[in-house]
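Quick note: the sequence shown uses the UniProt record's numbering, first residue 1, plus one each step.
We put the beta carbon where it would ideally sit given N, CA and C, even for glycine.
One structure below.
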Amino acid sequence: MSQTAGVVLQVIVVGGGLSGLAAAFALKKAGHKVLVFEKNKDRRRIEAAIASPPNMTRILKEWDIGEKLLANAGRHTRINFVDGGDNTFIGALSSAIFDVVKKDAMADFFVLEYNDVYDLLYDAAVQAGVEVRFDSFATKLEPLKGCTRVHLRNGQIFEADVVIAADGLNSGTWQDVIADNVALESSDKILLVKTTAPVSVLEQEGVSLRQVSKDTVAWNFYLGDGFLCHGCAPAETYFMISSFMNLDCTGEATEAEWTDLKDIPPYLEKVISEKLSNELQRILRLSKSISVRLRGFPRVSDSLVCSSARTVVVGDAAHVATQAKYHSTALAIEDAQTLGYLFSRIQDKSQILGFLGAYDEIRHPRAIRIHENDNRRQAILMAPKGPQQEARDARIRAVLEAAERGDINEDLVMDDWGDHVVTAMYNATEKAEDWWMQLGPSVVKSPVRSRLSVSMASTTRNSPSEAA
Numbered sequence: 001m002s003q004t005a006g007v008v009l010q011v012i013v014v015g016g017g018l019s020g021l022a023a024a025f026a027l028k029k030a031g032h033k034v035l036v037f038e039k040n041k042d043r044r045r046i047e048a049a050i051a052s053p054p055n056m057t058r059i060l061k062e063w064d065i066g067e068k069l070l071a072n073a074g075r076h077t078r079i080n081f082v083d084g085g086d087n088t089f090i091g092a093l094s095s096a097i098f099d100v101v102k103k104d105a106m107a108d109f110f111v112l113e114y115n116d117v118y119d120l121l122y123d124a125a126v127q128a129g130v131e132v133r134f135d136s137f138a139t140k141l142e143p144l145k146g147c148t149r150v151h152l153r154n155g156q157i158f159e160a161d162v163v164i165a166a167d168g169l170n171s172g173t174w175q176d177v178i179a180d181n182v183a184l185e186s187s188d189k190i191l192l193v194k195t196t197a198p199v200s201v202l203e204q205e206g207v208s209l210r211q212v213s214k215d216t217v218a219w220n221f222y223l224g225d226g227f228l229c230h231g232c233a234p235a236e237t238y239f240m241i242s243s244f245m246n247l248d249c250t251g252e253a254t255e256a257e258w259t260d261l262k263d264i265p266p267y268l269e270k271v272i273s274e275k276l277s278n279e280l281q282r283i284l285r286l287s288k289s290i291s292v293r294l295r296g297f298p299r300v301s302d303s304l305v306c307s308s309a310r311t312v313v314v315g316d317a318a319h320v321a322t323q324a325k326y327h328s329t330a331l332a333i334e335d336a337q338t339l340g341y342l343f344s345r346i347q348d349k350s351q352i353l354g355f356l357g358a359y360d361e362i363r364h365p366r367a368i369r370i371h372e373n374d375n376r377r378q379a380i381l382m383a384p385k386g387p388q389q390e391a392r393d394a395r396i397r398a399v400l401e402a403a404e405r406g407d408i409n410e411d412l413v414m415d416d417w418g419d420h421v422v423t424a425m426y427n428a429t430e431k432a433e434d435w436w437m438q439l440g441p442s443v444v445k446s447p448v449r450s451r452l453s454v455s456m457a458s459t460t461r462n463s464p465s466e467a468a
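Structure (structure tokens):
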């Protein structure tokens, strides 16, 4: 991103996780002054695995941080599908298919650890000139003529030309900006269970992680009746996320974490013992930590931008999902790249709303499409026992066994995996360039051009500290 803006904007980013740091870095490189407020007292430390498909890998390389980050990363070359109820191997999405996508996208698939990505993004942002303030909890946005005030819990008030809401789905700025425009798609709840287990311990106990080689990473999908578990080991830890539908969790905490698995509640013990295969049970019982989150099914907001508050939503709040997604971090990186590209071309503050509208026009349709694909994929992978599950497994075997023989039926692959292929091949830079070439001049000539109609949901809402 060589071009820089003709006017320097004061940008405040609320949330210093991956999506916030990525947006801050991209906007700083675009020539703006960027301040990040992070509620935690220090750098985040989260044990999790992150997929870097081509749509993310390409951007990291454009930012000149990809080579350093990916130097020690494992290449993702395989997805194994396993029956989560009895541990029967169903089939595998092999390296042959990954190679086809990689060739067309001109970028590769990798698996990384969250903390490695976070540290590199944090260092790159700070070195570029981004200011990060920890222990800074944003409680309210106050739109004024020409700017937006950001109120902190400690009483401090800051003014910004643009605010980036990067503090997640259940947090304060998201609630202030678009929560009243978002409804639950159903009353059902999904239970997310995250576990981490040392690879050495699992191997000593004879647990098969189905890895192909030490230089590559296989992602395991365990499919079950109303549940889906997926796990991988980018290095020395096996990270697994399990999603369970339609459980009776009445009265249980919506979030909790344990290091001693003897302390898990009876309802979770029942889920583990009754639904999961012996192999999955062993992985969970050998884990060093387990955390749960109970959540509903929000739909994508009618807009990713609040024009009156000059606020744009990125990351998890923009790309709501029924479960932790393979592409979730990549989508946040795409958000950042799109913002950086667009706002590197702004020449006057009167154009701010037009550029916010541009972001919404580019990113909102993608958020909706991926949300729909995620719901459709979940229904397939969590299919109930019976004909639907049997038909799914037979189709997986047919497509993937053919691919193993080198006979890649592109029509069948696209029918079953087309949404993932298209998502991975998305080029955020090209999309922003296309928009600029077609519509950029109209924003410059007529700065107020925008389809946005979303206004502040509430500027007097109570502090969201309990919900964040």
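Cβ pair ALA336, GLY440 closer than 9 Å: no
Top-ranked residue by Cα proximity to HIS327, from SER19, VAL7, VAL8, ILE12: SER19
Candidates PRO143, GLU430, ARG310, of which the one nearest GLN351 by Cα: ARG310
Near the ligand FAD: ILE97 beta-carbon under 8 Å from a heavy atom: Looking at this structure, you won't find the ligand FAD or any other ligand, since it has none at all.
ARG242 versus HIS230 - alpha carbon distance: Residue 242 is actually Ser in this sequence, not Arg. Rounded to whole angstroms, SER242 to HIS230 spans 6 Å at the Cα level.
Sequence-distant residues of its chain with Cβ nearer than 7 Å to GLY340 (five each side left out): MET1, ALA26, LEU27, LYS29, ALA30
Under 9 Å between C-beta atoms of VAL130 and THR148: no
Local Cβ density within 10 Å of LYS445, reported as buried at 16 or more and exposed below that: exposed
With 16 other Cβ atoms within 10 Å as the buried cut-off, status of MET245: buried
Bridge-paired residues (DSSP) for ASP104: DSSP lists no partner for ASP104.
PHE355, DSSP secondary structure in three states: helix
Beta-carbon proximity check, SER344 vs GLN127, cutoff 9 Å: no
Beta-carbon proximity check, PRO298 vs LEU209, cutoff 9 Å: no
Cβ neighbours of VAL305 in the same chain (closer than 6 Å, five flanking residues each side left out): VAL312, LEU356, ASP360, LEU452
Where VAL117 falls, given that 16 or more other Cβ within 10 Å makes a residue buried: buried
Pair within 9 Å by beta-carbon distance, LEU331 and ILE380: no
Given THR88 as reference, the closest of SER277, ALA424, ASP302, GLU159 once Cα atoms are compared: SER277
CA-to-CA distance, VAL14 to VAL7, given in whole angstroms: 22 Å
Collapsed DSSP secondary structure at LYS385 in the structure displayed: coil
ILE65 vs TYR114 beta-carbon contact at 9 Å: no
Residue range of the beta strand (DSSP E) that includes ASN220: 216–224
Simplified DSSP state of PRO198, which is helix, strand or coil: strand
Separation of ILE157 from GLN211, as counted between CA atoms: 51 Å
PHE134 in three-state terms, based on DSSP: coil
Bridge partners - PHE25, DSSP secondary structure assignment: Looking at the DSSP assignment, PHE25 forms no beta bridge with any residue, so it has no partner.
Host alpha helix (DSSP H) of TYR326 (start-end): Neither: TYR326 is in no alpha helix (DSSP H) and is coded neither H nor E.
Unbroken beta strand (DSSP E) run spanning ASP83, endpoints: 74–83
Per-residue burial, ALA391 [other beta carbons within 10 Å of its own, 16 or more giving buried]: exposed
Per-residue burial, THR57 [other beta carbons within 10 Å of its own, 16 or more giving buried]: buried
Which listed residue (ASP393, ALA96, GLN388, LEU342) has its alpha carbon closest to that of GLU433: LEU342
Distance, LYS431 Cα to GLU236 Cα: 37 Å
Three-state secondary structure (DSSP) of ARG363: helix
Element boundaries [beta strand (DSSP E), containing ALA124]: Careful: ALA124 lies outside any beta strand (DSSP E), inside the alpha helix (DSSP H) at 114–128.
Limits of the unbroken beta strand (DSSP E) element including THR311: 311–313
Meets three-Cβ-pair contact criterion under 8 Å: the stretch 83–98 and the stretch 269–284: yes
Distance CB(VAL82)-CB(PRO234) smaller than 9 Å: no
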